[in-house]
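Chemist: These protein sequences, in sequence, are chains D and P.
Residues in the first sequence are numbered consecutively from 677, following the working numbering.
Residues in the second sequence are numbered consecutively from 390, following the working numbering.
A virtual CB, placed ideally from N, CA and C, is assigned to each residue, including glycine.
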Amino acid sequence: MSNAAKRQTSTLDKVLRVVLYAALLAMAAVYLAPFIVMLLTSLKDVEEIRSGTLLSLPGSLNFDAWSKAWSGACTGSQCEGMAPYFLNSFQIVLPAVAISTLLGALNGYVISHWKFKGSDVFFAALLVGCFIPFQVILLPMARTLGWLGIANTTTGLVMVHVVYGVAFTTLFFRNFYQSIPVELVKAARLDGAGFFTIFYRIILPVSTPIIVVTVIWQFTQIWNDFLFGVAFSGFDTQPVTVALNNLVNTSFGGKEYNVDMAAAIIAALPTLVVYILAGKYFVRGLTAGAVKG
Amino acid sequence: MASLTIDNVKKRYGQTEILKGIDISIEAGEFLILVGPSGCGKSTLMNSIAGLEDVSEGRILIGDNDVTYASPKDRDIAMVFQSYALYPNMTVAENISFGLEMRKVPKAEREAEVQRVADMLQIGHLLKRKPGQLSGGQRQRVAMGRALARRPKMYLFDEPLSNLDAKLRVEMRTEIKKLHQKLGTTIVYVTHDQIEAMTLADRIAVMKDGEVQQLGTPQEIYDNPTNLFVAGFMGSPAMNFIPAKVVEQNGSYALELQASKPTVVPFPKPESLKAYAGKEILLGLRPEMITEPQPHKEGKEFVVTADIDVEVTEPMGADTMVLTRISEAEVNCRCNPAYPAKADETIAMMFDTSKAVAFDKDSGKRIDN
Numbered sequence: 677m678s679n680a681a682k683r684q685t686s687t688l689d690k691v692l693r694v695v696l697y698a699a700l701l702a703m704a705a706v707y708l709a710p711f712i713v714m715l716l717t718s719l720k721d722v723e724e725i726r727s728g729t730l731l732s733l734p735g736s737l738n739f740d741a742w743s744k745a746w747s748g749a750c751t752g753s754q755c756e757g758m759a760p761y762f763l764n765s766f767q768i769v770l771p772a773v774a775i776s777t778l779l780g781a782l783n784g785y786v787i788s789h790w791k792f793k794g795s796d797v798f799f800a801a802l803l804v805g806c807f808i809p810f811q812v813i814l815l816p817m818a819r820t821l822g823w824l825g826i827a828n829t830t831t832g833l834v835m836v837h838v839v840y841g842v843a844f845t846t847l848f849f850r851n852f853y854q855s856i857p858v859e860l861v862k863a864a865r866l867d868g869a870g871f872f873t874i875f876y877r878i879i880l881p882v883s884t885p886i887i888v889v890t891v892i893w894q895f896t897q898i899w900n901d902f903l904f905g906v907a908f909s910g911f912d913t914q915p916v917t918v919a920l921n922n923l924v925n926t927s928f929g930g931k932e933y934n935v936d937m938a939a940a941i942i943a944a945l946p947t948l949v950v951y952i953l954a955g956k957y958f959v960r961g962l963t964a965g966a967v968k969g
Numbered sequence: 390m391a392s393l394t395i396d397n398v399k400k401r402y403g404q405t406e407i408l409k410g411i412d413i414s415i416e417a418g419e420f421l422i423l424v425g426p427s428g429c430g431k432s433t434l435m436n437s438i439a440g441l442e443d444v445s446e447g448r449i450l451i452g453d454n455d456v457t458y459a460s461p462k463d464r465d466i467a468m469v470f471q472s473y474a475l476y477p478n479m480t481v482a483e484n485i486s487f488g489l490e491m492r493k494v495p496k497a498e499r500e501a502e503v504q505r506v507a508d509m510l511q512i513g514h515l516l517k518r519k520p521g522q523l524s525g526g527q528r529q530r531v532a533m534g535r536a537l538a539r540r541p542k543m544y545l546f547d548e549p550l551s552n553l554d555a556k557l558r559v560e561m562r563t564e565i566k567k568l569h570q571k572l573g574t575t576i577v578y579v580t581h582d583q584i585e586a587m588t589l590a591d592r593i594a595v596m597k598d599g600e601v602q603q604l605g606t607p608q609e610i611y612d613n614p615t616n617l618f619v620a621g622f623m624g625s626p627a628m629n630f631i632p633a634k635v636v637e638q639n640g641s642y643a644l645e646l647q648a649s650k651p652t653v654v655p656f657p658k659p660e661s662l663k664a665y666a667g668k669e670i671l672l673g674l675r676p677e678m679i680t681e682p683q684p685h686k687e688g689k690e691f692v693v694t695a696d697i698d699v700e701v702t703e704p705m706g707a708d709t710m711v712l713t714r715i716s717e718a719e720v721n722c723r724c725n726p727a728y729p730a731k732a733d734e735t736i737a738m739m740f741d742t743s744k745a746v747a748f749d750k751d752s753g754k755r756i757d758n
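1. In chain P, which residues lie with their C-beta within 8 Å of the C-beta of residue 882/D?
2. Mind listing the chain D neighbours of residue 487/P? Cutoff is C-beta to C-beta under 7 Å, in chain order.
3. Listed from N- to C-terminal order along the chain, which residues in the segment 431–446 of chain P have their beta-carbon within a distance smaller than 9 Å of any beta-carbon of chain D?
4. To the nearest angstrom, how far is the alpha carbon of residue 832/D from that of residue 741/D?
5. For chain P, check one thing: does any of its Cβ atoms lie closer than 9 Å to the Cβ of residue 877/D?
6. What's the C-alpha gap between residue 507/P and residue 484/P?
7. Consult DSSP for residue 456/P and reduce its assignment to one of helix, strand or coil.
8. Quick one: Cα of residue 759/D to Cα of residue 734/D, how far?
9. Just to confirm before moving on: does the CB-CB distance between residue 528/P and residue 475/P stay below 9 Å?
10. Residue 471/P CB to nearest chain D CB: under 9 Å?
11. Which residue spans inside the segment 764–846 of chain D form an unbroken alpha helix (DSSP H) run of at least 4?
12. With a Cβ-Cβ cutoff of 9 Å, do residue 623/P and residue 593/P count as a contact?
13. Thinking C-alpha only, which one of 481/P, 596/P, 587/P, 730/P is nearest residue 609/P?
14. Listing by chain order, which chain P residues have their CB less than 7 Å from the CB of residue 859/D?
15. With respect to the beta strand (DSSP E) encompassing residue 418/P, which residues constitute its N-terminal and C-terminal limits?
16. Pull up the CB-CB distance for residue 450/P and residue 444/P, whole angstroms please, since I reckon it's below 8 Å.
17. According to a CB-to-CB cut-off of less than 7 Å, which residues of the segment 823–849 of chain D neighbour chain P?
18. Under 7 Å between beta-carbons, which chain D residues line up against residue 627/P? List them in chain order, please.
19. Would you mind stating whether residue 949/D and residue 939/D have Cβ atoms separated by less than 9 Å?
20. For the segment 505–524 of chain P against the segment 891–898 of chain D, are there 3 or more C-beta pairs whose distance is under 8 Å?
21. Once you ignore the five residues that flank residue 937/D on each side, which residues in its own chain have a CB closer than 6 Å to its CB?
22. Any C-beta of chain P sitting closer than 9 Å to the C-beta of residue 939/D?
23. Which term fits residue 703/D, buried or exposed, when burial requires 16 or more other beta carbons within 10 angstroms of its beta carbon?
24. Going by DSSP, what residues sit across from residue 618/P in a beta bridge?
25. Determine, for residue 607/P, whether the minimum Cβ-Cβ distance to residues of chain D falls below 9 Å.
26. Return the CA-CA distance between residue 847/D and residue 783/D, expressed in angstroms with no decimal places.
27. Assess, as a yes-or-no matter, whether the segment 589–604 of chain P is touched by the segment 631–647 of chain P under the definition of 3 or more beta carbon pairs within less than 8 Å.
28. Identify the contact partners of residue 862/D in chain P, using a Cβ-Cβ distance below 9 Å as the criterion.
29. Tell me where the beta strand (DSSP E) around residue 476/P begins and ends.
30. Can you name the residues of chain D whose CB is closer than 9 Å to the CB of residue 492/P?
31. Going by DSSP in three states, residue 613/P sits in which element: helix, strand or coil?
32. Thinking C-alpha only, which one of 706/P, 751/P, 696/P, 746/P is nearest residue 736/P?
33. Would you say residue 528/P faces chain D, with C-beta separation under 9 Å as the test?
34. Hey, quick one: how far does the beta strand (DSSP E) through residue 629/P stretch, first residue to last?
35. Quick one: is residue 585/P buried, meaning 16 or more other Cβ sit within 10 Å of its Cβ, or exposed?
36. Quick one: does residue 873/D have its CB under 9 Å from some CB of chain P?
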């Protein structure tokens with residue numbers, strides 16, 4: 677009797693398991709479908725695209741569209757492909773991520789371990805920054821950049837992203853540092869360490885998880901940004917997102933969907949790589965503070 | 390090594406006063422324990438001594454130096470925290486030498502000092518490990534090692550043993566005492582454990598609500614508490630507080646209790662009871678002063694034998710605690726385990742009031758000193 681019951685549940689278990697996996701696979705397919713279509717399309721030639729369906733496989737592996745997207749496609753009047761803009765994006769993203777992460781870490785350290793009169797108000801004010809829509813600051817920021825003399829430059833874009841990102845990075849670091857016992861800082865102060873020594877020797881070495889989270893977050897945000905890029909970049913400092921838009925909107929004769937798709941994948945590649953390499957730490961870092969209590 | 394003087398220190402957060410004028414002074418080399426219930430201000434006072442919190446009023450002197458406004462690193466003190474606060478990213482050796490490094494001690498000297506401290510605390514085999522790989526007791530030792538390495542003028546211990554299990558706590562307690570005897574340094578030690586306070590201290594400051602209730606040697610505090618709070622806080626089980634009526638007897642004063650039958654016991658300072666004649670006071674009597682009848686004490690002054698109604702017995706091995714009710718108050722008696730006290734029976738007990746104290750029922754203040 678008990679055996680039979682056991683067997684029954686185990687068959688039921690198996691069925692449920694199959695249903696579960698089927699559901700998961702279906703969801704994964706839904707999420708992956710756009711990317712698969714992009715990938716397949718980028719490998720076809722224009723003729724194949726016109727005659728086949730979205731999901732039909734390419735007749736042969738053809739990387740022409742990729743090389744054209746990288747170095748030959750026209751974005752507006754220039755025909756140098758995505759390559760120069762790809763580099764532009766890196767020139768914006770790397771310093772912006774580095775500076776905003778470092779500032780966020782310092783802010784978080786001060787707010788959680790060197791409380792001063794009004795530090796809570798300061799933190800609340802910073803938080804408001806997280807809720808300001810991009811569009812709202814376009815005009816004032818344009819004025820500010822012009823006034824500072826860095827309109828249409830990479831420096832200007834870096835500054836915009838740093839200013840906008842510091843609210844988020846501060847929030848991340850503050851929440852993480854909140855879980856670091858205050859005694860640690862007290863002990864270091866009694867040991868004779870100063871503000872920066874404690875930060876550099878005690879706090880930063882235990883911050884790896886939150887640094888990873890912040891870097892991924894900032895990297896994706898800034899790399900994927902289009903609005904600031906299109907509003908504040910100059911002709912030769914356009915980031916890759918703006919270039920992609922221009923590339924897709926520029927056509928001589930027939931629309932080259934394969935080149936468009938390849939360019940889109942190229943534009944998305946760095947964030948994809950970052951997620952694949954560090955995604956594990958991202959989830960771990962997000963929950964680190966919560967588990968520790 | 391240095392003396393410590395705390396002169397009328399007050400600490401306010403907005404309207405709330407956390408420390409209400411603390412006056413404590415100890416000699417160089419003394420072991421001072423700040424003891425009291427949670428929220429009594431003992432940790433705040435400790436942090437003020439360390440310079441981790443500013444005081445609102447008053448002065449703090451280490452030796453002859455006024456350090457009231459000095460920064461923590463300039464006070465030359467080391468602190469052991471309840472959570473140990475070891476730097477998680479550094480090895481044990483680096484933890485111990487960090488303070489020396491910050492004070493720019495040359496590397497060779499630092500290494501020698503780490504070795505000395507490690508030998509003293511027997512943690513030599515742990516030097517290369519990270520704090521995460523240590524047990525609670527080992528972390529405790531390392532935290533002490535970090536404090537010892539700098540050879541500061543004064544050590545502060547903030548409830549250092551409260552995260553250890555009972556057995557280890559007793560071991561480390563002894564170890565701290567040995568260490569103090571060996572080094573002869575000034576130590577300020579915060580705890581809420583009255584046994585730690587009794588066993589370790591040269592001087593105890595019992596605190597409550599931001600005020601020092603009493604400052605004295607452990608024996609003074611135990612025998613001569615200034616008020617009901619101190620009397621109830623120190624000692625385990627706590628002192629018995631028995632409501633007693635002051636009666637006139639042969640031209641002097643004595644106390645009447647309701648044991649099994651009404652019983653009159655003498656009091657060491659009867660004249661102090663005069664103002665309370667006919668009124669009720671609280672008689673403070675330690676459990677060890679109510680015992681089974683002991684022949685060698687028979688007939689002595691301040692010794693009275695009376696029957697009590699046993700409610701519960703709690704054998705503890707060395708003694709058996711007998712719980713009874715006298716004048717409506719629950720009373721603990723410490724008896725020899727061989728004495729046949731049984732629950733719900735009536736049995737004779739010997740009351741020794743030679744060390745008894747008396748408190749005003751309303752104010753809780755001592756009457757007899």
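Modeler: Judging by the given coordinates:
1. Result: 477, 478.
2. Those are 867, listed as they occur along chain D.
3. So the close ones are 436, 439, 440, 441.
4. Roughly 33 Å separates the two Cα atoms.
5. Proximity of residue 877/D to chain P, defined by a Cβ-Cβ separation below 9 Å, is satisfied.
6. Spanning the two alpha carbons is a distance of roughly 12 Å.
7. Coil, per DSSP.
8. Rounded to whole angstroms, the separation of the alpha carbons of residue 734/D and residue 759/D is 25 Å.
9. Residue 475/P sits close to residue 528/P, with the two beta carbons spaced by under 9 Å.
10. Answer yes: the Cβ-Cβ gap between residue 471/P and chain D drops below 9 Å somewhere.
11. Runs of the alpha helix (DSSP H) inside the segment 764–846 of chain D: 795–804, 810–824.
12. In this structure, residue 593/P lies closer than 9 Å to residue 623/P by Cβ.
13. Minimum Cα distance to residue 609/P is reached at 587/P.
14. Within chain P, the residues whose beta carbon sits less than 7 Å from that of residue 859/D are 470, 472, 474, listed in sequence order.
15. For residue 418/P, no beta strand (DSSP E) segment is defined, and its DSSP state is neither H nor E.
16. At roughly 12 Å, the Cβ-Cβ gap does not stay under 8 Å, so residue 450/P and residue 444/P are not in contact.
17. Of all residues in the segment 823–849 of chain D, none comes within less than 7 Å of chain P when Cβ atoms are compared.
18. Ordered by position in chain D, no residue passes the 7 Å Cβ test against residue 627/P, which lies about 32 Å from the chain.
19. In this structure, residue 939/D does not lie closer than 9 Å to residue 949/D by Cβ.
20. Taking a cut-off of 8 Å on C-beta distances, the segment 505–524 of chain P does not touch the segment 891–898 of chain D, as fewer than three cross pairs fall below it.
21. Around residue 937/D: 714, 717, 718.
22. False, the Cβ-Cβ gap to chain P never drops below 9 Å.
23. Answer is exposed; the Cβ neighbour count stays below 16.
24. Residue pairing by DSSP places residue 618/P opposite no residue, since no beta bridge is assigned to it.
25. Contact with chain D is absent for residue 607/P, since none of that chain's Cβ atoms lies less than 9 Å from the residue's Cβ.
26. In a straight line, the C-alpha of residue 847/D is about 9 Å away from that of residue 783/D.
27. The answer is no - the segment 589–604 of chain P does not touch the segment 631–647 of chain P, with fewer than three Cβ pairs under 8 Å.
28. Near residue 862/D (Cβ distances below 9 Å), the residues of chain P are 436, 439, 441, 461, 468, 470, 474.
29. First-last for residue 476/P: undefined, no H or E at that position.
30. Chain order gives the chain D residues near residue 492/P as 867, 868, where near means a beta carbon separation below 9 Å.
31. Three-state result, residue 613/P: coil.
32. Considering only alpha carbons, the answer is 696/P.
33. So, not an interface residue.
34. 629–638 is the span of the beta strand (DSSP E), which, as asked, contains residue 629/P.
35. So residue 585/P counts as buried.
36. Yes, contact with chain P.
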